[in-house]
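The block underneath contains the structure these notes are about, expressed in structure tokens.
Protein chains: 2
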Amino acid sequence: MKKGKKEKLERAGWVVGGAEEFLDLSDAEMALIDVRVSLAKALRHRRQKMKISQATFAKRVGSSQSRVAKMEAGDPSVSIDLLLRSLITSGSSAEEIGRVIAAAGLDPATV
Amino acid sequence: MKKGKKEKLERAGWVVGGAEEFLDLSDAEMALIDVRVSLAKALRHRRQKMKISQATFAKRVGSSQSRVAKMEAGDPSVSIDLLLRSLITSGSSAEEIGRVIAAAGLDPATV
DNA sequence: TGACATAATGTCTAATCTGACATATCTTCT
DNA sequence: AGAAGATATGTCAGATTAGACATTATGTCA
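Protein sequences, first through last, are from chains A and B. The first sequence runs 1 to 111 under my numbering. The second sequence runs 112 to 222 under my numbering.
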């Protein structure tokens, strides 16, 4: 496992359980979490820029306030599909989303 | 609806039903299909570059031959989540995937 | 402080998605 | 033609994810 992996997961709010389960987290899973968290941040920024509440945003994209909260939190119960759908429905372009994903996992200081 | 939308959907192999249902397809749905199809192509290219069969590829990413076939076909029953998971598990970087998504929906001749 | 808006968390049932399997349809050989 | 390998298609039971709702927490005013 790479240096700082567990810390990174925990910063992102993930329950990684004991060391045993954690060792089972593959690099692929890590990368996917990075993508999820990046999209989650992009979604929150987008909504905040619109200056609307989670409830209002939820109505516009056809979801619920609680699910929007979970989306923005990068909750494991939210699929990347839903994040993409919400971003696009709210007006993000594929190009914007592509850039977000391309930058996923990079150290924010270097981005 | 934008010009050529239905034709585009049909080229991608989607059953769009009658005109009524088709009119219900929003621009957001179109954009998501573009993303799915782009990722599907990227996955096929990746596997072909590796010179392995769908069955072999399936084992490596923890799926089945039939599902890999559906992934590469951009079948509606395949989630974007699964496409991303398979790409990353097979070694694609977030940056590569980001570029693929950013180019989604663009006219191939211009890309 | 209390009232009010907003955001977070937990939990349901319904809907969607998955791997697996069977089977059919190519492709590429001899 | 026919055997063999690869790919496509259809289906299904089990797993995952969805919106919805209730509840709790966190502001943010007067």
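From the three backbone atoms N, C-alpha and C, an ideal C-beta is built for every residue, glycine too. All of these numbers come straight from a predicted model, not from anything done at the bench.
If residue i and residue j are in contact, beta carbons under 8 Å, what's the gap, nearest whole angstrom?
i, j, result
"residue 48 of chain A", "residue 65 of chain A", "Wrong, their Cβ atoms sit about 15 Å apart, outside the cutoff."
"residue 46 of chain A", "residue 74 of chain A", "Actually they do not touch by this definition, with Cβ atoms about 15 Å apart."
"residue 190 of chain B", "residue 79 of chain A", "7 Å"
Alpha carbon to alpha carbon, how far is residue j from residue i? Give it in angstroms, no decimals.
i, j, result
"residue 33 of chain A", "residue 216 of chain B", "25 Å"
"residue 180 of chain B", "residue 69 of chain A", "35 Å"
"residue 199 of chain B", "residue 99 of chain A", "17 Å"
"residue 150 of chain B", "residue 59 of chain A", "29 Å"
"residue 188 of chain B", "residue 142 of chain B", "17 Å"
"residue 208 of chain B", "residue 56 of chain A", "31 Å"
"residue 103 of chain A", "residue 95 of chain A", "13 Å"
"residue 62 of chain A", "residue 202 of chain B", "34 Å"
"residue 194 of chain B", "residue 81 of chain A", "10 Å"
"residue 139 of chain B", "residue 163 of chain B", "35 Å"
Would residue i count as contacting chain B if we go by Cβ distances under 7 Å?
i, result
"residue 56 of chain A", "no"
"residue 62 of chain A", "no"
"residue 73 of chain A", "no"
"residue 102 of chain A", "yes"
"residue 32 of chain A", "yes"
"residue 94 of chain A", "yes"
"residue 43 of chain A", "no"
Are the C-beta atoms of residue i and some chain A residue less than 7 Å apart?
i, result
"residue 146 of chain B", "yes"
"residue 192 of chain B", "yes"
"residue 216 of chain B", "yes"
"residue 180 of chain B", "no"
"residue 208 of chain B", "yes"
"residue 139 of chain B", "yes"
"residue 199 of chain B", "yes"
"residue 150 of chain B", "no"
Quick one: residues in its chain with C-beta nearer than 6 Å to the C-beta of residue i, no 5 flanking neighbours on either side, listed in chain order?
i, result
"residue 153 of chain B", "211"
"residue 220 of chain B", "none"
Quick one: what's got a C-beta closer than 7 Å to residue i's C-beta in the same chain, skipping five residues either side?
i, result
"residue 72 of chain A", "40, 43, 44"
"residue 204 of chain B", "none"
Please work out which residues of its chain come closer than 8 Å, Cβ to Cβ, to residue i, disregarding the five sequence neighbours upstream and downstream, and give them in chain order.
i, result
"residue 50 of chain A", "57, 90"
"residue 196 of chain B", "172"
"residue 67 of chain A", "58, 78, 82"
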